[in-house]
Amino acid sequence: MQHQLAIYDMDKTITRVATYPGFLRHAALRLAPWRLILLPFVGLSVLAYSLRLIDRQRLKEINQHLMLGPHTRKSELATVVTSFAEKTLATNVHPGAFDAIAADRAAGRRLVMATASYRLYVEAIADQLGFDALIATNSLIGLDDRVIARVDGENCYGPAKLRMILAWMDAQGISRDQAHIRFYSDHASDAPVLEWADEPFAVNAHDRLRRMAKQRGWTIVDWGD
């Protein structure tokens, strides 16, 4: 049996802008507005990342701690997650992304989202877009249902994204030689998955990925307005 998979990155591929900063502001505004005064410290953490003093995973954890606190009950986040997903679909999805997702669905491809963003809030976005499966960065969740400001496992970024896709395929009983894979991404950090895919698409590509795509013969598409 040949499995037809269409795997999509999310931030700046499907969406116009990255979703994590917006989610943190959205959640803080609704759960603890006073935390917005900590935004300058978020800026400092971004500076620390740009200076390579911390990695992307630690950057996420620090910003979650600042905007949501060290731990938050998952049940308290439920309505915030739903409203953010609705807002994202209404204001932050490239028109061409809707068309591509619909075309892959109509062609019988299994729709998989693979994103470095947190499953905590992305699951609702993926569900509303009609995805069949989600591979994402996982949050550490305690037995008391508290979401802790820590990443559980790997940050689904760069080479780790390919490892997590392969782990998901193994869990689904899908071997690589039984699958035809399309992969869509906007960023060169996804080069390991683009090189591995049967049909790599550079979508809304930044300069580095656009150059890479031209050199390697990858399809370049623009899903913008």
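Its first residue numbered 170, the sequence shown is counted upward by one per residue in my numbering.
Glycine residues also receive a C-beta, built at the ideal position from the N, C-alpha and C atoms.
This structure is a prediction, so every number in the text was calculated from the model and none was measured.
> Should SER354 go down as buried or exposed, given a rule of 16 or more other Cβ atoms within 10 Å for buried?
Replying inline: Position 185 of the sequence shown, counted from the first residue, corresponds to residue 354. Buried, since its Cβ has 16 or more Cβ neighbours within 10 Å.
> CA-CA distance, ALA340 and TRP365?
Replying inline: Residue mapping note: residue 340 aligns to position 171 of the sequence shown, counting from 1. Residue mapping note: residue 365 aligns to position 196 of the sequence shown, counting from 1. Each residue's Cα considered, the two are about 19 Å apart.
> Out of curiosity, what's the CA-to-CA distance linking PHE300 and LEU216?
Replying inline: Within the sequence shown, residue 300 is the residue found at index 131, counting from 1. Within the sequence shown, residue 216 is the residue found at index 47, counting from 1. The alpha-carbon atoms of PHE300 and LEU216 are separated by roughly 34 Å.
>> Spatial neighbours of LEU258 within its chain, please: C-beta separation below 8 Å, excluding the five flanking residues on both sides.
In response: The residue given as residue 258 occupies position 89 in the sequence shown. If you ignore the 5 residues before and after LEU258, its C-beta comes within less than 8 Å of the C-beta of ILE294, GLN297 and LEU298, all in its own chain and listed in chain order.
> Are the beta-carbon atoms of ASP359 and ASP178 separated by less than 8 Å?
Replying inline: Sequence index remark: in the sequence shown, residue 359 carries index 190 (1-based). Sequence index remark: in the sequence shown, residue 178 carries index 9 (1-based). Yes, the pair counts as a contact, with Cβ atoms nearer than the cut-off.
> Going by DSSP, which residues form a beta bridge with THR388?
Replying inline: Numbered from its first residue, the sequence shown carries residue 388 at position 219. Paired residue(s): PHE370.
>> Just to confirm the assignment, what range does the beta strand (DSSP E) spanning THR257 have?
In response: On the sequence shown, position 88 is the one that residue 257 refers to. THR257 -> not in any beta strand (DSSP E); alpha helix (DSSP H) instead, spanning 243-260.
> Hey, how far is the Cα of SER286 from the Cα of MET170?
Replying inline: Counting from one through the sequence shown, the residue named residue 286 turns up at place 117. Counting from one through the sequence shown, the residue named residue 170 turns up at place 1. Taking the straight line from one Cα to the other gives about 32 Å.
> By a C-beta neighbour count over all protein chains shown, 10 Å radius and 16 as the cutoff for buried, is ARG380 buried or exposed?
Replying inline: Numbered from its first residue, the sequence shown carries residue 380 at position 211. Exposed, by the Cβ-count rule.
> Rounded to a whole number of angstroms, what is the C-alpha to C-alpha distance between GLY277 and VAL249?
Replying inline: Walking along the sequence shown from the start, residue 277 turns up at place 108. Walking along the sequence shown from the start, residue 249 turns up at place 80. If I take the Cα positions, the gap works out to 33 Å.
> Looking at the unbroken alpha helix (DSSP H) that takes in VAL215, where does it start and where does it end?
Replying inline: To locate residue 215, count along the sequence shown from 1; it is residue 46. 208-219 is the extent of the alpha helix (DSSP H) around VAL215.
>> Please report the distance separating the alpha-carbon of LYS330 from that of PRO264.
In response: Start at 1 with the first residue of the sequence shown, and residue 330 comes out as number 161. Start at 1 with the first residue of the sequence shown, and residue 264 comes out as number 95. Straight-line Cα distance between these residues: approximately 25 Å.
> For VAL281, which option in PRO328, ASP313, LEU312 and ILE350 has the closest C-alpha, if you only look at C-alpha atoms?
Replying inline: Here the question's residue 281 lines up with position 112 in the sequence shown. For VAL281, the closest C-alpha among the options PRO328, ASP313, LEU312 and ILE350 is that of ILE350.
> So the beta strand (DSSP E) PHE267 belongs to, where does it begin and stop?
Replying inline: Start at 1 with the first residue of the sequence shown, and residue 267 comes out as number 98. No beta strand (DSSP E) contains PHE267, which is instead part of the alpha helix (DSSP H) from 264-275.
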